[in-house]
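Line order of the protein sequences matches chains A and B. The letter at position 233 of the first sequence is residue 559 when you use this note's numbering, and the numbering goes up by one with no holes. The letter at position 275 of the second sequence is residue 601 when you use this note's numbering, and the numbering goes up by one with no holes. Quick reminder that beta carbons are idealized off the backbone N, C-alpha and C, glycines included.
Protein chains: 2
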Amino acid sequence: METIGFIGLGIMGAPMAGHLLDAGYELVASDHRRAPPRWLVDKGLRTVTGHDTVARTADIVITMVPDTPQVREVLFGEAGVAVGLTKGKLVIDMSSISPIETREFAERIKALGCDYLDAPVSGGEVGAKAATLTIMVGGSETAFERAKPVFEKMGKNITLVGENGVGQTTKVANQIVVALTIEAVAEALVFASKAGADPAKVRQALMGGLAASRILEVHGERMISRSFDPGFRIELHQKDLALALEGAKALGVSLPNTSTTQQLFNSCAANGGAKQDHSALVRALERMAGHQVSE
Amino acid sequence: METIGFIGLGIMGAPMAGHLLDAGYELVASDHRRAPPRWLVDKGLRTVTGHDTVARTADIVITMVPDTPQVREVLFGEAGVAVGLTKGKLVIDMSSISPIETREFAERIKALGCDYLDAPVSGGEVGAKAATLTIMVGGSETAFERAKPVFEKMGKNITLVGENGVGQTTKVANQIVVALTIEAVAEALVFASKAGADPAKVRQALMGGLAASRILEVHGERMISRSFDPGFRIELHQKDLALALEGAKALGVSLPNTSTTQQLFNSCAANGGAKQDHSALVRALERMAGHQVSE
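Dropping the structure here:
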């Protein structure tokens, strides 16, 4: 079994690391900014100082940090992963970051004789805890086969979608569909509710047909019961749609509804909702209509 | 068993009427414009002349016609249903039409001592043939209970959502969600494909997570395999979104993505796609990007 370095033991990373320890992997982390969670140390997590030391100690280094600049810092900053890497090691970035910069990061890691996978996930904290994450992987077949046993400890639906960057592209595509489907359900419920329909009955009627989706089920219910505790925060979805819109500019693609939906998220943030669940997008439409879906 | 009059034996109406005949109902139709399909006559369908005569003969009159003006003509035109109605009869409009005018139609029918249900369906020709239609009903509890055995011969997911007009409102809400989810999947696939990802693998990866929907499954597949034979025609979805946008104006609701999506359907129609399946919406985005999701 290969030794794994894990950088980023936050809300997502900690339970993922826990599953690897449970599966018997030797796991090493840095106390760079703060000490790792006690419960992981109790499970056998070893602590070293510096990301470069993590890279020296481990065969596979996993990063799970908030955004593109943090991945860049962790990999290529002072005492970063790149400093400690030696030939044959594998870097797996499981953060959700820019597909374009991912390609650059992969090139730089490969130039050191190592391999690189971008492997962002969806499923949130619930999926991380239950080891049911969807994992969208970009990179070589060889690196994917090497990482697969590790992925299988953390997720369920694991797909090699293409070369480096394509994992991140797929995650962006996922976030486009999720945001725009939330927006679709929100338009429908605001419309129906203001027309005098009971939104709960409308949701029920729609669940039987072509409009059925996980979003209508989960987020539609949240809009009706006014349950806007995250879940997945609006400010994170704003980050993801920003990646989509930057990508659209760079690639030459028009994403009209992604663009409008980002404006609605902006409106939510402007009204104090940045840390609410993304289903609270409905509030932007409610403000425009002067009408709430339900009390 | 009550005698049923059936007005509108088209692509949807004919198989629905067939199920009622199979269930043993006495069924009567008018040869007003053209003779009813031969196979329905062979099953026992009785033909009379004039919608008024249909209303005189039947206890329950079902209408299943293309749009609001046709319902108005059939109900209130010369020799229309209203002329032949006597107290205690039930009119069920299963067409997809304006919720606002539906309320007017219901008032006029009820003023004759009859009852009225709006009961639009979703599920298309496939659902009509398989008797698995979703039926969204507006009207009184009493009328709903009376009609329920009839609905159960034609559909599966049958919901009384509210008073008259609310069935049509729910259908509009359904069509908003369907159109905007198709648009969401289209934006995601155009983005991912132009970024170099294999759209089939992206769709597969997304099916496992929060982006999962019947639309991603069915229409996503159609976009990739370029199968744009209807299905449900773009020109019909344009009609439904027009009802949504008129309703938005009348009710005081903002539907930004419904509005943009209608413009994309308009672009499809302008390029000869009015009679293609609504999944061909992707073509509007493809033209904007100068790139096709797949060959």
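Quick one: using the 10 Å Cβ neighbour count with 16 as the cut-off for buried, is residue i buried or exposed?
i: Asn597(A); result: exposed
i: Arg429(B); result: buried
i: Thr468(A); result: exposed
i: Glu621(A); result: exposed
i: Ala537(B); result: buried
i: Gly616(B); result: exposed
i: Thr495(A); result: buried
i: Asp555(B); result: exposed
i: Thr412(A); result: exposed
i: Glu509(B); result: buried
i: Gly534(A); result: buried
i: Arg548(A); result: buried
i: Gly599(A); result: buried
i: Gly488(B); result: buried
i: Gly546(B); result: buried
Which residues in the same chain as residue i place their Cβ atom closer than 6 Å to its Cβ, once the five residues preceding and following it in sequence are excluded?
i: Ser593(A); result: Ala610
i: Gln588(B); result: Leu567
i: Ala340(A); result: Pro363
i: Gly331(B); result: Val354, Val380, Ala384, Val387
i: Ile435(A); result: Val417, Tyr442
i: Gly370(A); result: Leu347
Report all residues from its chain with a CB closer than 7 Å to the CB of residue i; omit the five preceding and five following residues, and keep chain order.
i: Ala405(B); result: Gly376, His377, Asp378
i: Ala525(B); result: Contrary to the premise, residue 525(B) reads as Pro rather than Ala in this sequence. Contacts found: Leu515, Ala518, Ser519, Ile550, Val619, Ser620.
i: Met338(A); result: Met390, Glu451, Ala454
i: Ala576(A); result: Ile426
i: Leu335(A); result: Ala343, Ala355, Pro362, Pro363, Leu366
i: His563(B); result: Gln501, Ala505, Phe591, His604
i: Gly449(A); result: Thr458, Leu459, Thr460
i: Arg683(B); result: The first residue shown for chain B is 327 and the last is 621, placing residue 683(B) beyond what the model contains.
i: Ser539(B); result: Thr507
Work out the CA separation of residue j and residue i for me, nearest whole Å.
i: Ala514(A); j: Leu506(A); result: 12 Å
i: Gly439(A); j: Ala408(A); result: 11 Å
i: Met327(A); j: Val498(A); result: 32 Å
i: Gly557(A); j: Glu612(A); result: 20 Å
i: Arg451(B); j: Glu561(B); result: Checking the sequence, you will find Glu at residue 451(B) rather than Arg. Approximately 16 Å between the Cα atoms of the pair.
i: Gln530(A); j: Thr460(B); result: 11 Å
i: Val504(B); j: Asp348(A); result: 43 Å
i: Phe431(A); j: Glu352(A); result: 26 Å
i: Pro395(B); j: Ile541(B); result: 30 Å
i: Ser422(B); j: Pro392(B); result: 7 Å
i: Thr586(B); j: Ala512(B); result: 13 Å
i: Ile418(B); j: Glu543(A); result: 29 Å
i: Ala457(B); j: Met480(B); result: 4 Å
i: Val400(A); j: Asp444(A); result: 15 Å
i: Gly625(B); j: Asn490(A); result: Given a span of 327 to 621 for chain B in the structure shown, any question on residue 625(B) remains unanswerable.
i: Pro446(A); j: Phe470(B); result: 49 Å
i: Ala437(B); j: Gly573(B); result: 25 Å
i: Phe402(A); j: Gly410(A); result: 10 Å
i: Gln624(A); j: Arg398(A); result: Look at the range of chain A in this structure, 327 to 621, and you will see that residue 624(A) is not part of it.
i: Ala523(A); j: Val492(B); result: 6 Å
i: Lys527(A); j: Ala606(A); result: 20 Å
i: Val463(B); j: Glu433(A); result: 59 Å
Would you list the one or two residues that DSSP bridges to residue i?
i: Ile388(A); result: Phe332(A), Ile418(A)
i: Gly462(B); result: The sequence given here places Met at residue 462(B); Gly does not occur at that position. Paired residue(s): Thr485(B).
i: Val354(A); result: Gly331(A), Arg372(A)
i: Asp393(A); result: None, per the DSSP bridge assignment.
i: Asp603(B); result: Arg559(B)
i: Ser448(A); result: Thr460(A)
So, with DSSP's three-state summary, where would you put residue i?
i: Asp524(B); result: coil
i: Met533(B); result: helix
i: Thr373(A); result: strand
i: Asp348(B); result: helix
i: Glu378(B); result: Strictly speaking, residue 378(B) in this sequence is Asp, with Glu absent from that position. DSSP places Asp378(B) in helix when its eight states are reduced to three.
i: Leu443(B); result: strand
i: Ser519(B); result: helix
i: Ser585(A); result: helix
i: Ser539(B); result: strand
i: His617(A); result: coil
i: Phe470(A); result: helix
i: Ile337(B); result: coil
i: Ala510(A); result: helix
i: Ile550(A); result: helix
i: Arg429(B); result: helix
Identify, in the order they occur along the chain, each residue of the same chain with its Cβ nearer than 8 Å to the Cβ of residue i, setting aside the five sequence neighbours on each side.
i: Thr373(B); result: Val354, Ala355, Ser356, Asp357, Ala361, Pro362, Val367
i: Lys474(A); result: Ile484
i: Leu346(B); result: Ile330, Phe332, Leu353, Val476, Lys479, Met480
i: Val579(A); result: Gly573
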